[in-house]
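Reading through the structure tokens given below for one structure.
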Amino acid sequence: MVVILLGPPGVGKGTQGARLVDDLGWVRIATGDLLRSARRAGSELGDKAREYMDAGELVPDDLIVALVREHLEKLDPEVGVLFDGFPRTVPQAVSLDAMLPEVSRKVDGVLLFEAPDDVLFKRISGRRSSPEGRVYNVYFDPPKADGVCDVTGSPLVHREDDRPETVERRLEVYQKQTSPLISYYDAAPTRVMRIQGDGDMEEVRGAVREALATELGAGAAGA
Ligand code: AP5
56 MVVILLGPPG VGKGTQGARL VDDLGWVRIA TGDLLRSARR AGSELGDKAR EYMDAGELVP
116 DDLIVALVRE HLEKLDPEVG VLFDGFPRTV PQAVSLDAML PEVSRKVDGV LLFEAPDDVL
176 FKRISGRRSS PEGRVYNVYF DPPKADGVCD VTGSPLVHRE DDRPETVERR LEVYQKQTSP
236 LISYYDAAPT RVMRIQGDGD MEEVRGAVRE ALATELGAGA AGA
């Protein structure tokens, strides 16, 4: 099973992706997390991606497709896959459609998360992340001790691209370059499951599980 998590910045793709990994045992391939980890490692990819990410722009398609291919090749064929933040452009989706049959897979469904911009801004302004990629929120999901990851004790940071002016740009980029994917997948034989993303985290989790169970038979709703 292959499912794509699609939606604007801050809508909760990473939050729900992590819950689905816990609930269903699937693997999550999150291109934003992979790029941030490449930056921390000081790799060539990380250096190339830095400027685009900090400006709220998309990293070029060829770099992203190569990164995803590398991870796809290592996957256990039996395990379900969640793509979080990929594809982000129609050319990336076309590349994914070409790559998946090479590993005997196809896109089964798209979870499309939607929420108003004011909700997205509030969530992003409150987001704090650990270097290992755990995500908290000072308003909605605070760590036990202020500014410190519950699990590793690492200091939490406000992402460089979470500054308000960069968030505005990311939302524009989403509308212009990523939202055409909605029509792309609506026209394909792929289930597009629309999820109201502005409820609380557990409500959204329930809606996701319900949609996956009803539309794709994945897991059991509420189980
Ligand atoms: P990426 O890391 O993918 O960022 P994004 O898509 O902009 O998404 P976010 O991580 O901001 O939000 P999210 O939807 O995961 O929300 P979260 O769960 O954290 O990409 C970053 C950059 O990398 C891009 O701008 C681009 O430069 C580059 N990039 C990545 N992929 C690329 C690609 N394929 N092609 C080209 N470039 C690429 O939640 C947000 C906050 O809200 C958290 O604090 C969370 O705790 C809280 N929250 C979540 N759900 C709820 C809820 N229901 N109620 C209350 N609070 C909630």
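Just so we're aligned, residue 56 is where the sequence shown starts under our numbering, counting upward by one. The beta-carbon is built from N, C-alpha and C at its ideal position, and this holds for glycine as well. In this text the structure is predicted, and so the values were computed from the model without any measurement.
Around D109, the same chain offers E215, D216, T221 as residues with beta carbons nearer than 8 Å, after the five sequence neighbours per side are excluded. Note on geometry: alpha-carbon atoms of R189 and A242 lie some 35 Å from one another. In this structure, I179 has its beta carbon less than 7 Å from a heavy atom of the ligand AP5.
Excluding the 5 residues flanking it on each side, V145 has same chain C-beta neighbours closer than 8 Å at P235, L236, Y239, in chain order. For secondary structure counted as the alpha helix (DSSP H) over 4 or more consecutive residues, the stretch 223–276 holds these complete runs in sequence order: 235–241, 256–266. A contact between stretches requires three or more CB pairs, one per stretch, nearer than 8 Å, and the stretch 128–136 fails this requirement with the stretch 100–108. Here DSSP, grouped into helix, strand and coil, assigns R182 to strand. Non-local beta-carbon contacts of V174 in its own chain, meaning distances under 6 Å to residues more than five positions away in sequence, involve D253 in chain order. Straight-line spacing of the CA atoms in T233 and K177 works out to 21 Å. Relative to E227, the option among G111, A73, V136, V57 whose CA is nearest is G111. Of all alpha-carbon atoms in Q71, V136, V82, the one lying nearest the alpha-carbon of M56 is that of V136. Excluding its 5 nearest sequence neighbours in each direction, P63 has C-beta neighbours in its own chain below 7 Å: L175, L226, Y229, listed in chain order. M256 and I179 have their C-alpha atoms roughly 15 Å apart. If you draw a straight line from the Cα of A96 to the Cα of L90, it comes to about 10 Å. Between R246 and G181, the gap from beta carbon to beta carbon reaches 8 Å or more. In the structure shown, the three-state DSSP call for D163 is coil. Separation of P197 and E157 (C-alpha to C-alpha, rounded to the nearest whole angstrom) is 42 Å. In the DSSP assignment, V57 falls within the beta strand (DSSP E) that extends over 57–61.
Counted as a single uninterrupted DSSP element, the beta strand (DSSP E) harbouring R83 occupies residues 82–85.
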